[in-house]
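Written below as structure tokens is the structure these notes are about.
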Amino acid sequence: MDNIDKNANKDNDLAKIISSLGNERKIPPLDKWTPKTITSFDIVINDNGEWHHDGVKIARQSLVDLFASVLWADVDGEQKRHFLKTPTDKYEITVIDTPLFINTVDKVTKNGDEWIVFGTTNGDNIVLDDKPLYFKTVVRDDVADDRLYIDTRFNLTARIGRNVFYHLIELGELSDEQGQTVLTLQSGGKTHRIIAPNFN
1 MDNIDKNANK DNDLAKIISS LGNERKIPPL DKWTPKTITS FDIVINDNGE WHHDGVKIAR
61 QSLVDLFASV LWADVDGEQK RHFLKTPTDK YEITVIDTPL FINTVDKVTK NGDEWIVFGT
121 TNGDNIVLDD KPLYFKTVVR DDVADDRLYI DTRFNLTARI GRNVFYHLIE LGELSDEQGQ
181 TVLTLQSGGK THRIIAPNFN
């Protein structure tokens, strides 16, 4: 019972931090919805974060943001299936790399603690807390690219843009440890260490 209470308190604290930014994004309670019907839906989130429907780019950002608010992922081993989830249906979509893209990062001070907060292209705020940042090598057109990610709500993953990573370097400290470059960040009183690849 104590652990449940502590987790609830921590979630409330993170919600307050995000609220303090003044632009809290409302996400429906997808975890409470249990639809039985799964339907394929011809939406593709490209490697660059663009949304396409029937092969045509969705130009209305408000519509993309609405769809992004009901994103859901089911995990099957190392594979993820992505959906737009409603109370009655799950619409399976195609995600080339990741459904969320981080394009901003800032530090927020709350109750004497400094927190690192990421912002996505859809208006989400992701607080750097327990879930680690991690690099993964992705190969596209025979070219290897080291990309930085963080896992977030409903089994979703967000990709951190290269420019945001460079901003993170300014917010943290770089060190050399046995030939490896390590970025150390502080958020909410916790230390996060990331082994950084060598960018060309």
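Counting from 1, position 165 in the sequence shown corresponds to residue 165 in UniProt numbering; the numbering is continuous, with no gaps.
Just so you know, even glycine gets a beta-carbon here, dropped at the ideal spot from N, CA and C.
- When rounded, the separation of the alpha-carbon atoms in residue 83 and residue 90 is 6 Å.
- For residue 91, the beta-bridge partners assigned by DSSP are 39, 84.
- The DSSP assignment places complete alpha helix (DSSP H) segments of no fewer than 4 residues inside the UniProt domain "DUF1285" (100-194) at 162-171, in order along the chain.
- In this structure, residue 156 and residue 172 do not form a Cβ contact; the two beta carbons are roughly 24 Å apart against a cut-off of 8 Å.
- Boundaries of the alpha helix (DSSP H) harbouring residue 65: 61-68, taken from the DSSP string.
- For residue 57, the three-state secondary structure derived from DSSP is strand.
- In this structure, residue 117 keeps its C-beta atom at 8 Å or more from the C-beta atom of residue 111.
- For residue 33, no beta strand (DSSP E) run applies, since DSSP gives it neither H nor E.
- Exposed is the label assigned to residue 38, since fewer than 16 other Cβ atoms lie within 10 Å of its Cβ.
- The alpha-carbon separation between residue 60 and residue 180 amounts to approximately 43 Å.
- DSSP places residue 47 outside any beta strand (DSSP E), giving it a letter other than H or E.
- Shortest Cα-Cα distance from residue 190 to any of 120, 197, 113, 177 involves 113.
- Listed in chain order, the non-local C-beta contacts of residue 92 below 8 Å within the same chain comprise 38, 39, 40, 41, 81, 82, 83, local neighbours out to five positions each way being set aside.
- Closest in C-alpha terms to residue 134, from the list 141, 146, 123, comes 146.
- With 16 or more other Cβ atoms from the protein chains shown falling within 10 Å of its own Cβ, residue 187 counts as buried.
- In this chain, the beta strand (DSSP E) harbouring residue 74 covers 71-76.
- Between the beta-carbon of residue 44 and that of residue 94 there is about 4 Å, and that keeps the pair under the 8 Å contact cut.
- Between residue 65 and residue 122, the C-beta spacing is below 8 Å.
- Cβ atoms of residue 164 and residue 108 stay farther apart than 8 Å, at about 15 Å.
- Residue 55 counts as exposed, since fewer than 16 other C-beta atoms from the protein chains shown sit within 10 angstroms of its C-beta.
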